[in-house]
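Enquirer:
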Amino acid sequence: MKTIGIIGGVGWSSSLEYYRIANEKAQADLGGDHSAKLLMYSIEFGEFSKQERLASAGNWDPLNATMLDAARRLKAGGADFIIIASNTLNSRADDIEKNVGIPVLRIYDVTAAKVNRSGIKKVALLGTKFTMEEPFYRNALKERYGIDVVTPNATEREYINRIIFDELVRNDIRSESRKEYVRIINRLVDEEGAQGVILGCTEIPLLVHQSDVKVPVFDTTRIHVEAAVDYAMSKSCFSRQKTRSCFRIRPFPLPTGDHGRLFVFPGLAGPQARNSSCYRCFGPSLAAVAAET
Numbered sequence: 002m003k004t005i006g007i008i009g010g011v012g013w014s015s016s017l018e019y020y021r022i023a024n025e026k027a028q029a030d031l032g033g034d035h036s037a038k039l040l041m042y043s044i045e046f047g048e049f050s051k052q053e054r055l056a057s058a059g060n061w062d063p064l065n066a067t068m069l070d071a072a073r074r075l076k077a078g079g080a081d082f083i084i085i086a087s088n089t090l091n092s093r094a095d096d097i098e099k100n101v102g103i104p105v106l107r108i109y110d111v112t113a114a115k116v117n118r119s120g121i122k123k124v125a126l127l128g129t130k131f132t133m134e135e136p137f138y139r140n141a142l143k144e145r146y147g148i149d150v151v152t153p154n155a156t157e158r159e160y161i162n163r164i165i166f167d168e169l170v171r172n173d174i175r176s177e178s179r180k181e182y183v184r185i186i187n188r189l190v191d192e193e194g195a196q197g198v199i200l201g202c203t204e205i206p207l208l209v210h211q212s213d214v215k216v217p218v219f220d221t222t223r224i225h226v227e228a229a230v231d232y233a234m235s236k237s238c239f240s241r242q243k244t245r246s247c248f249r250i251r252p253f254p255l256p257t258g259d260h261g262r263l264f265v266f267p268g269l270a271g272p273q274a275r276n277s278s279c280y281r282c283f284g285p286s287l288a289a290v291a292a293e294t
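First residue of the sequence shown? That's 2 in the numbering used here, and the numbers climb one at a time after it.
(1) Suppose you measure from the CA of P217 to the CA of S50; what does that come to, to the nearest Å?
(2) Identify whether I199 lies in helix, strand or coil by the three-state DSSP scheme.
(3) Quick one: Cα of I83 to Cα of Y146, how far?
(4) How far does the alpha helix (DSSP H) with K115 in it reach, from first residue to last?
(5) Under 6 Å Cβ to Cβ from P104, same chain only, skipping five residues before and after it: list those, please.
(6) Need the endpoints of the beta strand (DSSP E) that K123 sits in, please.
(7) The beta strand (DSSP E) that contains S43, what's its start and end?
(8) In terms of residue numbering, what span does the alpha helix (DSSP H) encompassing V101 cover?
(9) Round the Cβ separation of I22 and A72 to the nearest angstrom and send it over; I've been treating them as touching at under 8 Å.
(10) Assuming T43 and G10 form a contact by the criterion Cβ under 8 Å, report the distance between their Cβ atoms to the nearest whole angstrom.
(11) Between which two residues does the alpha helix (DSSP H) carrying D167 extend?
(12) Which one of T203, G197, D191 has the shortest CA to CA distance from I164?
(13) Would you mind listing the alpha helix (DSSP H) stretches within the segment 51-93 that are 4+ residues and don't spill past its ends, in chain order?
(14) Quick one: give me the first and last residue of the alpha helix (DSSP H) that D213 is part of.
(15) What residues in its chain sit with their C-beta under 7 Å from that of Y160, if we drop five residues either side in the sequence?
(16) Could you name the residues that DSSP lists as bridge partners for G194?
(17) How about L200 and L106: are their beta carbons less than 8 Å apart?
(18) D30 by DSSP, collapsed to three states: which one?
(19) What separation, rounded to the nearest whole angstrom, lies between the Cα atoms of S306 and T221?
(20) Using the beta-carbon count (16 or more within 10 Å), is S212 buried or exposed?
(21) Between which two residues does the beta strand (DSSP E) harbouring I205 extend?
(22) Which one of G120, V116, L208, S119 has the shortest CA to CA distance from I174?
(23) In chain order, what residues of the same chain have a beta carbon less than 6 Å from the beta carbon of M41, not counting five sequence neighbours either side?
(24) What number of angstroms, rounded off, separates the C-alpha of S87 from the C-alpha of E168?
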């Protein structure tokens, strides 16, 4: 099993969910007394808040430095790849991969894939103002899968953002805030035609649940963690190349008597597949590569 590195602390309550879900899934998948192999570096939220305000004003340097430091510490501790327990901070994934040299499993990539598998063609997105207004979710959904994204209006975005930072990151869960979030979701469904909703902040699933709304809810915390555990157990690959994907077919015995996995790279075969980023994700433990038939 690969070791998962988690950059958490933004805020601590959702980071706790990352730890819980990862270990519950590992135990469910492996049975017995198994658990996930993981490391967590928790960012101090007071420092983050100051850096986030600077970033909002256009100065990303302090926050970038914090993220790179966290990633380097996790890599030095033995993490094989990193997940960032914050939708907003997944926007820093490219910088981490470039400057630290460790793969980052992006929350918006795995969420977009999950929405696509559901068959939904238009989805609402709730999150911080940054997440709702910046293009990374919209690009992941629209450019790759043709799925439209609708967001709350400006007044609603301000409200959603305020509740996240004034209440949810402090684990302050209020019924009146839940009612207003649900009202916003229902408006996006009834007026904008949203067929589902992405809870695009890892704190929002603490407030809004599937039972609260009438359309499918995409809990980005759970989607992200479960994808990370799957990858840690080599059940999936998170190559970001649009034309490549891979998935487990069956156990494949290696000559040494160890056991790897047989993967398929659609449209690729032979040396081309072995040079792909999917192949490099798994290193020498990948047993064989074949073209999809």
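We put the beta carbon where it would ideally sit given N, CA and C, even for glycine.
Expert: Looking at the coordinates:
(1) Taken atom to atom, the span from the alpha-carbon of P217 to that of S50 is near 32 Å.
(2) It is a strand residue.
(3) Taking the straight line from one Cα to the other gives about 25 Å.
(4) Run containing K115: 108-119, per the alpha helix (DSSP H) assignment.
(5) Around P104: F82.
(6) Taken as a continuous stretch (DSSP letters only), the beta strand (DSSP E) holding K123 covers 123-127.
(7) That run of the beta strand (DSSP E) goes 39-43.
(8) Start and end: 94-101.
(9) The Cβ separation is near 21 Å, so there is no contact.
(10) A quick correction: the sequence has Ser, not Thr, at residue 43. Between G10 and S43 the Cβ distance is about 4 Å, and since that is below 8 Å, they are a contact.
(11) Element bounds for D167: 155-167.
(12) For I164, the nearest C-alpha among the options comes from T203.
(13) Fully enclosed alpha helix (DSSP H) runs of 4 or longer: 62-78.
(14) Looking at the DSSP string, D213 is not in any alpha helix (DSSP H), and its letter there is neither H nor E.
(15) Cβ neighbours of Y160 beyond the five flanking positions: E181.
(16) DSSP output for G194 lists no bridge partner at all.
(17) No, the pair does not count as a contact, with Cβ atoms beyond the cut-off.
(18) In the structure shown, D30 sits in a helix (DSSP, three-state: H, G or I).
(19) Residue 306 lies beyond the stretch modelled for the chain, which goes from 2 to 294, so this question has no answer here.
(20) Residue burial annotation: S212 is exposed, with fewer than 16 other C-beta atoms found within 10 angstroms of its C-beta.
(21) No beta strand (DSSP E) contains I205, which DSSP labels as neither H nor E.
(22) Of the candidates G120, V116, L208, S119, the one whose C-alpha sits nearest the C-alpha of I174 is L208.
(23) Excluding positions up to five away in sequence, the list reads I7, G9.
(24) In a straight line, the C-alpha of S87 is about 16 Å away from that of E168.
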